[in-house]
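Taking it in order: structure first as C-alpha cells, then the write-up.
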Amino acid sequence: MSGALKTEQEIEAGRQRLRLWVTSGPGLVWIMLFLLIPSAVLLGIAFFSSDDYGAPVLPLSVQPFQQVAGYSLLGWDPGNITIFLRSLGQAGTATLVSAALSYPLVFFILSQREDLRPLLLLFIVLPSWTNQVVRTYAWLELLGPNAPVSWAAHLLHAVPPDLGLAPGSFAVTTGLAYNYLPYMIVPLYASAEKLDWTLVEAGRDLYASGLRLFWHAVFPQTLPGLLSGVIFVAIPAFGDYVVPQLLGGDKALMIGSLIANQFTETPDWPYGAALTIIMLVFTGMGLVGFRILTRKLGGAEEVTI
Amino acid sequence: MSASVPTATLHPPKRGAISIRGITRIFTGSTPAVDHVDLEIHAGEFFTLLGPSGCGKTTLLRMLAGFETPDEGKILISGKDMEDVPAHKRAVNTVFQSYALFPHLNVEQNIGFGLRMKGVKTPERKKRVNAVMEMMQIGQFATRSAAQLSGGQRQRVALARALVNEPDVVLLDEPLSALDAKLRSELQIELLRMQKRLGMTFIFVTHDQHEALVMSDRIGVMSQGRLEQVGPVLDVYEKPRNVFVAEFLGLSNIWPITPTGPHSAASPIGELGIAAPLNGASMAMIRPEKIWIYNDTAVPKDRANLFLGTVREAIYMGASTQYRIELAGGQSVLAFDTNNQAAERSWRPGEPVAVELKPDNIMLISP
C-alpha cells in the first residue's frame, strides 16, 4: 500500500544522500585535513602562553593578541600598526599599478588578430610558471645598486649614490605588481573580450570621446573583471612573504614576514598564531566589505569569492 | 524633383538634408559593401533604406553616423562635408538595433547622456529629458535600469535618447525588428507621428518591405552595395525598375516579353496588350492584386488580355485570398482577390475561371 511507496521514496532519498557524499566527500576531507583542522589548531595555539623557546605552554592567555595590538611589558609600540598599514599600502599600490598596466595590455591583445591573442596571453602567464623566488631575485639584480635602472634613478636624484632601488619599498611594490599582474590581466581580459562594442558606438554617437568615452562606455563593462582582479591581486599581495623578504630589506617589513619570523628566527608560536588569526579576520572583513561595494556597483556577478 | 543635385548647389542646403556622392566602402578581401552610391535625402524626410541582409544598407547608415569611413566619395550633412568630422561631433544620433542602452545608467541618465557630454547644465538637461520622457510616455520608468524594461519600453528610451539632442538627422537601424508584430505596428505609427511632429530627417534601415511601405516618404532599395531604385513609396511599389525591386517589394508575376507591335508583346502566357510604350523592353510585371478574376460563365466580352484557367491553390488570408491559377497553356499566375463578398463567393481549387490583365496594370521592367 502506501508503505511500499514510502520505501521507494526513501530509497531515492538514500541514493541522493549517497551521491552527495560520494561527490562532495573527497573535497570535504581535503578541506577538513588541510584547512579546518590546521585553522582550529592555529586558533587554539593563539590562546596559549609561550615558553623561552617560543613553544605554546599553559596557562591559557590573551597575551598574544595584546602583543598583536602592540602592547608588551615595555608599554605600547606602534610597530605592528605600521607593518599592518604598510602591508595594506603595498597591496593597494601593487593592485593599482597592476590594474593601470593591465588595461592597455588587455586592449592591445584584443586589438590583435584573433588567432594570435591566446599566444599573447600565454606570454603574460608564462613567467608565473617559473619559481616566484627566482623571479623575485631577478628583480633584486635589476633594481640593485649597480643596475642601469638605479643608475638612471641617481641621475634623476631619486636615490642617493651607491644605493640601489632595491632593497626598499619601491622594489617591493614593483615585485608585487609584477608577480600578481597575470591575476589582474586574465579576469580583465575575460570581461573585456565580451565587451559590447555597440555601447562604445552609442557613446561616440552621444558625443563622448577619448577618456570620457572609456570611462562611460568601456570601464563599466570591464568592472566585473577588474573587481575579480582586485581580489586576486590585493589579497595575496597583502600577505605576501617572498617579495618583501627578498626586496624589502629591514625597513619594508610586511605582515607575511612578521608572521614567518615568529615561527623561524625568533620563535613565538602563540604570537605568530594570533597574528595569523588577526590577518585572516581583516582579510575576511575586507572581502565582505568588497562584496557589499561590488553589489552596490551592480552587475559584478563574476566575483563569487 | 529629379534635378535635386543642381538645386542643392544653388541654394544653401537645409538643416537635415543629406547628400551622398559616390560613396564606396570595401571591407578587406571582399566585394564592396557599398558600391558608388549617390543619394540625395531631403530635409525633414522619412527615408527608408530597404534591402536584404548584407546589401550594404547598414554600412551606409554607419558611414552617415561616422562609425565607418568611406573608401571613396563624399557625405554632406546639412551642407557640411563629413570627411574629417568624427562620430562624436556629428549632429546625428542613432537608434541601434540592440538599443545599446547603458546598463549601468537608469532611464533618465541614459536619455540625458548626450546632453551631459555636450555640457548642457543640469537644470536645462533635466527639463529637456523630462519633456522627451513625457512625449514618449516613459516618465514613470525614469529611475529604472534598462534591464527592468520590456522590449517596447527600451525602444522608446532608445528613441528618446536620440531625440532629446535635437539632431539634424536620426538614424534608425532596424529598431523594431526585435518586437512582436502588434507592438511593432503600434510603434511604426508612433515613430511616424513623432517624425512628422518634430520635422527631423529620419533615415530608417529595414529588410521588411511592409514596414518600409507603411512608414516612408521615399524608399531606396539596395542590393549588393548598390541602390537599385530610389523614389516615393508608391512609385517604387507600383513601378519597380527591375526584377529585384519588383520581387523585393511584394509578390508579382514577371514574364520575359518580345515586342510584336507598339503596344503588344509575345509572352509565355500568350499575346499581351500593354498600355505603356514598349521601347524594346524585355520584361513585364503585374502585381497579383491588379489581376481580375471572373467565373468562366461571366467572362466579359471584347476585352484584351483575357485568359482562361483553373484555380490550383487558394490561400485564405483574412481580408484577401491568394490564388494560383493555371492557365490553359500550363503557365501559372498569382492573383489576389479581396474577400468583400460572402465566403461562398470565393473560388475553390479546381474551379474554372478567367483572369484579366488590364493593359494599364502591366509594367515594363528591366531584368
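The listed protein sequences derive, respectively, from chains A and B. Those letters in the first sequence? Residues 3 to 307, per our numbering, in order. Those letters in the second sequence? Residues 12 to 378, per our numbering, in order. In this text, a Cβ means the ideal position worked out from N, Cα and C, and glycines have one as well. Predicted model, so just to flag it, every value in this text is computed and none were measured.
Quick check on DSSP: helix, strand or coil for S357 (chain B)? S357 (chain B) carries a coil assignment under DSSP once its states are collapsed to helix, strand and coil.
If the cut is a Cβ gap below 8 Å, which residues of chain B does R214 (chain A) touch? The contacting residues are M128.
Residues of the stretch 100 to 114 of chain B whose Cβ lies closer than 7 Å to any Cβ of chain A, in chain order: The stretch 100 to 114 of chain B vs chain A, Cβ under 7 Å: N104, T105, F107, S109, A111, F113 and P114.
With a 10 Å radius around its C-beta and 16 neighbouring C-beta atoms as the bar for buried, classify M3 (chain A) as buried or exposed. Its pLDDT being 47, under 50, M3 (chain A) is placed unreliably in this model, and the value from its coordinates should be taken loosely. Burial is judged here by how many other beta carbons sit within 10 angstroms of a residue's own beta carbon; M3 (chain A) has fewer than 16 and is exposed.
Return the first residue and the last residue of the beta strand (DSSP E) that F215 (chain B) is part of. For F215 (chain B), the enclosing beta strand (DSSP E) starts and ends at T212 to T217.
CB contact flag (D371 (chain B), A277 (chain B), <7 Å): No. Outside cutoff.
CB of P378 (chain B) within 7 Å of CB of L345 (chain B), strictly: Contact: no.
Just how far apart, CA to CA, sit S343 (chain B) and G361 (chain B)? One C-alpha to the other measures close to 14 Å.
Other residues of its chain near I326 (chain B): CB distance less than 7 Å, five sequence neighbours each side excluded: Same-chain partners within the cutoff: T332 and Q333.
Cβ distance (whole Å) where P114 (chain B) is taken to contact S156 (chain B) below 8 Å: S156 (chain B) and P114 (chain B) do touch by the CB rule: their CB atoms are close to 7 Å apart, below 8 Å.
How is the alpha helix (DSSP H) around S196 (chain B) delimited, first residue to last? Bounds of the alpha helix (DSSP H) holding S196 (chain B) are A192 to L209.
Within chain B, the residues that D207 (chain A) reaches when beta carbons sit closer than 7 Å: Near D207 (chain A) (Cβ distances below 7 Å), the residues of chain B are A76, A98, N104 and T105.
What does F124 (chain B) touch in chain A if you count any residue whose Cβ is under 7 Å from its own? Result: L208.
Please confirm whether L338 (chain B) and F318 (chain B) have their CB atoms less than 7 Å apart. Going by C-beta atoms, L338 (chain B) is nearer than 7 Å to F318 (chain B).
Give a yes or no on whether the C-beta atoms belonging to Q199 (chain B) and M233 (chain B) are separated by under 7 Å. No, they are not a contact pair.
Between the alpha carbons of P169 (chain A) and V244 (chain A), how many angstroms are there, rounded? Those two C-alpha atoms are separated by around 13 Å.
By the 10 Å Cβ neighbour count, where 16 or more other Cβ atoms means buried, how is Y180 (chain A) classified, buried or exposed? Result: buried.
Of the choices B:Q235, B:G231, B:G236 and B:S161, whose alpha-carbon is the least far from that of Y248 (chain B)? Cα-wise, what sits closest to Y248 (chain B) is B:G231.
CB contact check: E195 (chain A) to chain B, cutoff 7 Å: Taking Cβ atoms only, chain B never reaches closer than 7 Å to E195 (chain A), which makes this a no.
Got a sec? Which residues, its chain only, sit under 8 Å from E94 (chain B) by beta carbon, not counting five neighbours each side? The residues are K85 and I86.
Could you give the uninterrupted runs of the beta strand (DSSP E) lying entirely in the stretch 54 to 99 of chain A, keeping only those of 3 residues or more? Fully enclosed beta strand (DSSP E) runs of no fewer than 3 residues occupy 58 to 62 of the stretch 54 to 99 of chain A, in order along the chain.
Taking only beta-carbon atoms, is A19 (chain B) less than 7 Å away from chain A? With a pLDDT of only 44 at A19 (chain B), under 50, the local geometry of the prediction cannot be trusted, and no value is derived from it.
Taking Cβ to Cβ, would you say S113 (chain A) is nearer than 7 Å to P272 (chain A)? With contacts defined as CB atoms closer than 7 Å, S113 (chain A) and P272 (chain A) fail to qualify as a contacting pair.
Whole-Å CB distance - G227 (chain A) paired with L190 (chain A), under 8 Å assumed: The pair is a contact, with the Cβ atoms about 4 Å apart (cut-off 8 Å).
Which residues mark the beginning and the end of the alpha helix (DSSP H) in which H156 (chain A) is found? Start and end: P150 to L157.
Cutoff 7 Å: L190 (chain A) Cβ touching any chain B Cβ: Chain B contact via Cβ: absent.
Residue of B:A365, B:G62 and B:T133 minimising C-alpha distance to K312 (chain B): For the residues B:A365, B:G62 and B:T133, the minimum Cα distance to K312 (chain B) belongs to B:A365.
How is the alpha helix (DSSP H) around F221 (chain A) delimited, first residue to last? Residues F221 to F240.
Going by DSSP, which residues form a beta bridge with Q240 (chain B)? Bridge partners of Q240 (chain B): B:V232.
How should H218 (chain A) be labelled, buried or exposed, when 16 other C-beta atoms within 10 angstroms of its C-beta is the threshold for buried? It counts as buried.
Cβ distance (whole Å) where M211 (chain B) is taken to contact P178 (chain B) below 8 Å: Right, their Cβ atoms sit about 7 Å apart.
For H159 (chain A), count neighbouring Cβ atoms within 10 angstroms of its own Cβ and tell me buried if that reaches 16, exposed if not. Of the other Cβ atoms in all chains shown, fewer than 16 fall within 10 Å of the Cβ of H159 (chain A); this residue is therefore exposed.
Does DSSP put M374 (chain B) in a helix, a strand or coil? Strand at M374 (chain B).
Where does F38 (chain B) land, buried or exposed, given buried means 16+ other C-beta within 10 angstroms? F38 (chain B) is exposed by the Cβ-count criterion.
Give me the Cα-Cα distance between V290 (chain A) and S196 (chain B), rounded to the nearest whole angstrom. C-alpha separation (whole angstroms): 50 Å.
Since V181 (chain B) and L174 (chain B) should fall inside the 8 Å C-beta cutoff, what is the C-beta to C-beta distance between them, to a whole number of angstroms? At roughly 7 Å, the Cβ-Cβ gap stays under 8 Å, so V181 (chain B) and L174 (chain B) are in contact.
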